[in-house]
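Note sheet for the following structure.
There are 2 protein chains.
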Amino acid sequence: MTDIKTGINPLFLREEELRQGIELLFFAYRDFTAEPDAILAEYGFGRAHHRVIYFVGRNPGMTVSELLDILRITKQSLSRVLGQLVDEGFVTQRPGVRDRRQRLLALTEKGIEMERLLTERQRARIARAYRAAGAEAVEGFRKVMLGLVDEADHPRFPLRLSVRR
Amino acid sequence: MTDIKTGINPLFLREEELRQGIELLFFAYRDFTAEPDAILAEYGFGRAHHRVIYFVGRNPGMTVSELLDILRITKQSLSRVLGQLVDEGFVTQRPGVRDRRQRLLALTEKGIEMERLLTERQRARIARAYRAAGAEAVEGFRKVMLGLVDEADHPRFPLRLSVRR
DNA sequence: CATATATGTCAACATGACTGACATAAAGAC
DNA sequence: GTCTTTATGTCAGTCATGTTGACATATATG
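From first to last, the protein sequence lines stand for chains A and B.
Each residue of the first sequence is one higher than the one before, counting from 235 in this note's numbering.
Each residue of the second sequence is one higher than the one before, counting from 235 in this note's numbering.
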């Protein structure tokens, strides 16, 4: 159980190491979302609105199905949030060209502005962390984070920038 | 704007890099919480219960205030979840020795079992990602993740294992 | 034409967050 | 020994975001 050379129990260290990982994920995500959440609250929006705005901004022309597949929520949950964003002029829907059942989603100018306002804080936080940690650490961060994501989603990285339909 | 030598816009690359970080955080956290959430649902619990069980298990004897400070929620929100866990025999409360206003929190045997059941999945996921990425990558992951956490919480790492009062 | 798919909608419900107000017991200050 | 502050709890109401189930519509596809 105890390593003769170091006097340290390697299983215990491993357990500690893994728990630290769990805690880093909790704290990092908590702080990562706190700033945009505060801004969203001023507009009467929540985190769900940010997610929609973010991913639609990232994938202009994406379909509702694709968005549902990313968010992993029900269409009923999405429809409330998406409906609000469309009603208030942040997101547009237009029928697909090849498949007219689809509603291709995109941001309006107002939506693009909101996206920038919200994501800016998160980008700044990540930039700060990347700068402080160094390029090599960033590479390690990416490797580990990708390993935490379900295999099925690996083809998403790097996310395509725009969808043409 | 465009690097003469590489023909690549360094600002664009940086933007892509940061967005990838945002997305990795979203996907990793989504998948990291999905497994325990499914188990919790079977017991009629939610993610909030897991957080309480996790941190109380990690810091036996911690106070309600300390827990609130970690979770960053209101005492009213905590009290419902904590009350359920106490009622159903997962968590115990005992008065502080030095300060009898405090309710020192700890897990029962049942609580410890539940903590193990829930956290086991997350530990396994992290272990898998660490193994796949290698020791050096893990070090980078830790550096970047710590950089994402608000400075005020840095003294929490590594979290103390037990609190004596 | 028949079936499957993409999307939307209505209704009911659960969870977990919030604010605000008030209560109690104990500690700490003077 | 009173006064104030602190640690905690509780009641009540609200909101955001998720769920399930049932049904509707338009379009694509075989």
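Yeah, the Cβ is synthetic: ideal placement off N, Cα and C, and Gly gets one too.
As the structure is a computational prediction, the values presented were derived from the model and not from experiment.
When the Cα atoms are used, what is the spatial distance from residue i to residue j?
i        : j        : result
A/Leu305 : B/Arg292 : 31 Å
A/Tyr263 : B/Glu354 : 20 Å
A/Gly280 : B/Leu339 : 32 Å
B/Thr267 : A/Leu302 : 18 Å
B/Leu274 : B/Leu312 : 17 Å
A/Asp333 : A/Glu276 : 38 Å
B/Gln318 : B/Gln327 : 12 Å
A/Gly278 : B/Phe261 : 25 Å
A/Asp387 : B/Val331 : 51 Å
B/Arg390 : A/Leu352 : 28 Å
B/Gln356 : B/Met348 : 13 Å
A/Gly345 : B/Ile307 : 30 Å
A/Arg335 : A/Glu322 : 23 Å
A/Gln310 : A/Arg248 : 42 Å
B/Gly295 : A/Leu258 : 22 Å
A/Arg362 : B/Pro329 : 42 Å
B/Glu385 : A/Glu250 : 22 Å
B/Glu300 : A/Glu300 : 41 Å
B/Val320 : B/Ala272 : 22 Å
Quick one, which of the options has its alpha-carbon nearest residue i's?
i        : options                                : result
B/Leu341 : B/Pro329, B/Phe324, B/Arg328, B/Ala262 : B/Phe324
B/Ile182 : A/Ala369, A/Asp384, A/Tyr364, A/Glu322 : The shown model of chain B, from 235 to 399, leaves out residue 182 of chain B, and the question about it has no answer.
B/Val383 : A/Arg328, A/Glu250, A/Ala366           : A/Ala366
B/Ala358 : B/Phe289, B/Asp265, B/Gly295, B/Val320 : B/Asp265
A/Arg350 : A/Leu258, A/Tyr288, A/Leu259           : A/Tyr288
B/Glu343 : B/Pro329, B/Val290, B/Glu385           : B/Val290
Would residue i and residue j be called neighbours here (beta carbons separated by less than 7 Å)?
i        : j        : result
B/Val315 : B/His284 : no
B/Phe375 : A/Gly368 : no
A/Arg337 : A/Val298 : yes
B/Leu380 : A/Ile360 : no
A/Ala371 : B/Val372 : no
A/Gln254 : B/Pro392 : yes
Identify the residues that DSSP records as bridge partners of residue i: which are they?
i        : result
A/Ser327 : First, the amino acid is wrong: residue 327 of chain A is Gln here, not Ser. Partner(s): A/Leu339.
A/Met296 : A/Leu339
Taking 6 Å as the cut-off, is the CB of residue i close to at least one heavy atom of the ligand HEM?
i        : result
A/Ile360 : The ligand HEM is not among the ligands present in this structure, which contains no ligands whatsoever.
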